[in-house]
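Just so you know, the protein sequences line up as chains A and B, in that order.
Residues in the first sequence are numbered consecutively from 86, following the numbering used here.
Residues in the second sequence are numbered consecutively from 86, following the numbering used here.
Glycine included, C-beta positions come from ideal geometry on N, C-alpha and C.
To start, the structure itself, in structure tokens.
Number of protein chains: 2
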Amino acid sequence: MKRPPSPHRPRTLAPIARVPGLDYGVLDELLGYSLRRAQVAMFLAFHAATRGVGVTPPRFTALVVIGANPGINQSVLGRVLGIARSGAMALADWFEARGWVERRRHLDDGRAWGLHLTPRGETLVAAMKRRVAAEDRRRAAVLGAGERRELLRLLNKLAG
Amino acid sequence: MKRPPSPHRPRTLAPIARVPGLDYGVLDELLGYSLRRAQVAMFLAFHAATRGVGVTPPRFTALVVIGANPGINQSVLGRVLGIARSGAMALADWFEARGWVERRRHLDDGRAWGLHLTPRGETLVAAMKRRVAAEDRRRAAVLGAGERRELLRLLNKLAG
DNA sequence: TATTGTTATACTCTATAACTATA
DNA sequence: TATAGTTATAGAGTATAACAATA
Chain A
86 MKRPPSPHRP
96 RTLAPIARVP
106 GLDYGVLDEL
116 LGYSLRRAQV
126 AMFLAFHAAT
136 RGVGVTPPRF
146 TALVVIGANP
156 GINQSVLGRV
166 LGIARSGAMA
176 LADWFEARGW
186 VERRRHLDDG
196 RAWGLHLTPR
206 GETLVAAMKR
216 RVAAEDRRRA
226 AVLGAGERRE
236 LLRLLNKLAG
Chain B
86 MKRPPSPHRP
96 RTLAPIARVP
106 GLDYGVLDEL
116 LGYSLRRAQV
126 AMFLAFHAAT
136 RGVGVTPPRF
146 TALVVIGANP
156 GINQSVLGRV
166 LGIARSGAMA
176 LADWFEARGW
186 VERRRHLDDG
196 RAWGLHLTPR
206 GETLVAAMKR
216 RVAAEDRRRA
226 AVLGAGERRE
236 LLRLLNKLAG
């Protein structure tokens, strides 16, 4: 059974290996490094939850934010994601091409578009949120409930 | 004062904004999302510590690992970083071009190269490790010492 | 003047695939 | 056959710069 000529996988699909017998030096004391490893681990959970739909973490973030803030414009969306306006454009195009999001003219600002989930988008995003949240909790099940809450608290404190 | 025509900044240089008044929906309950935000915040610390040298987090990881494991080969290095062999190649080329790392033939395996820091590389990496560790701690100073330890513990538990 | 959307363009990172030398 | 290194190529993500329309 040959794999089909699938072009590219979006990212790494394996956790960052902890190579046995190797000396990691100062890395083990850096929050930055541990954060990166934990993030890759959680990305696997995300990937398991969104398999095959082509929804990456930034796209998921965008969909959730559009759903929770109907009429948000592309510049603000870019700010939320920490990307440039041109990138937010590409995102909106991608969603629109799939019929998940539509652009409607702002009533009070002729420059801006408001982004809205379509009915189809609503359904899809609702299901996706459930799956992503479930997988996120499943992967974090190595932590106790108290540990999970504490981790969330510390991360948010750190992110400022 | 115009900025020089500097080509590209390697990544985002601002924290992911928390846009006031916006509803973040389910994102606030996801470890994955909080991890991402915390990671970006810590990347800023890293960037402050390595300003102008062109050393990105993967490059820093590679340098530390080569320094702590002299003679490591490129394939293993790739495994440590979670990237393909071809990417490890490019890394080694980049270091070698700067005279920080040299390739020496393995004695017992004619296929492999062993990677070693040059004296210049040793000096540079030692200084860089100090600065990165100091900035990492400085940025994490919003946490108490106990909180920092606890965060590290939870992250490592999560990363598996 | 500043901001929104838009387009064109460029760069970084990393993957895949094919090849060679060696094991 | 399997693995290390190498090279060529391609794609995703995102930045900058410029422009038109609107504020």
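Boundaries of the alpha helix (DSSP H) in which residue i is found, first to last residue
i	result
residue 166 of chain B	159-166
residue 201 of chain B	Per DSSP, residue 201 of chain B belongs to no alpha helix (DSSP H); it is in the beta strand (DSSP E), 198-202.
residue 243 of chain B	230-244
residue 151 of chain B	142-153
residue 123 of chain B	116-134
Classification of residue i by the beta-carbon crowding that lies within 10 angstroms, buried from 16 upward
i	result
residue 212 of chain B	exposed
residue 142 of chain A	buried
residue 139 of chain A	exposed
residue 207 of chain A	exposed
residue 170 of chain A	exposed
residue 225 of chain A	buried
residue 121 of chain B	buried
residue 175 of chain A	exposed
residue 221 of chain B	buried
residue 152 of chain A	buried
residue 229 of chain B	exposed
residue 96 of chain A	Low per-residue confidence applies at residue 96 of chain A: pLDDT is 49, beneath 50, and the placement is therefore not dependable enough to give any value.
residue 236 of chain A	buried
residue 98 of chain A	exposed
residue 191 of chain B	exposed
Counterpart residues of residue i in DSSP-defined beta bridges
i	result
residue 111 of chain A	Note: residue 111 of chain A sits in no beta bridge, so no partner.
residue 179 of chain A	Answer is none; residue 179 of chain A lacks a bridge partner.
Partner residues on chain B for residue i, Cβ-Cβ distance less than 9 Å
i	result
residue 142 of chain A	117, 118, 121
Residue interval of the beta strand (DSSP E) (run including residue i)
i	result
residue 186 of chain A	186-190
Chain-ordered neighbours of residue i on chain B, where CB pairs are closer than 8 Å
i	result
residue 240 of chain A	116, 119, 120, 122, 123, 236
residue 225 of chain A	116, 243
residue 152 of chain A	110
residue 149 of chain A	109, 110, 111, 112
residue 131 of chain A	117
residue 135 of chain A	Here the premise fails: no neighbours, minimum Cβ distance about 11 Å.
residue 218 of chain A	111, 114, 115
residue 299 of chain A	What is shown of chain A runs 86 to 245, which leaves residue 299 of chain A out entirely.
residue 126 of chain A	243, 244, 245
Neighbouring residues, chain A, relative to residue i (Cβ below 9 Å)
i	result
residue 100 of chain B	167, 244, 245
Chain A contact residues for residue i, given Cβ-Cβ distances below 7 Å
i	result
residue 228 of chain B	239, 242, 243
heavy atom of the ligand HEM below 7 Å from residue i C-beta
i	result
residue 133 of chain A	No copy of the ligand HEM appears in this structure; indeed no ligand is present at all.
Interface residues of chain B facing residue i [CB-CB closer than 7 Å]
i	result
residue 232 of chain A	239
residue 221 of chain A	115, 116, 117
Item checked: Positions along the region 191-214 of chain A whose CB lies within less than 7 Å of some CB in chain B -> The residues in question are 214.
Next item on the list: Give, in chain order, every residue of the region 155-168 of chain A whose Cβ lies closer than 7 Å to some Cβ of chain B.
Entry: Answer set for the region 155-168 of chain A: 161, 164, 165, 167.
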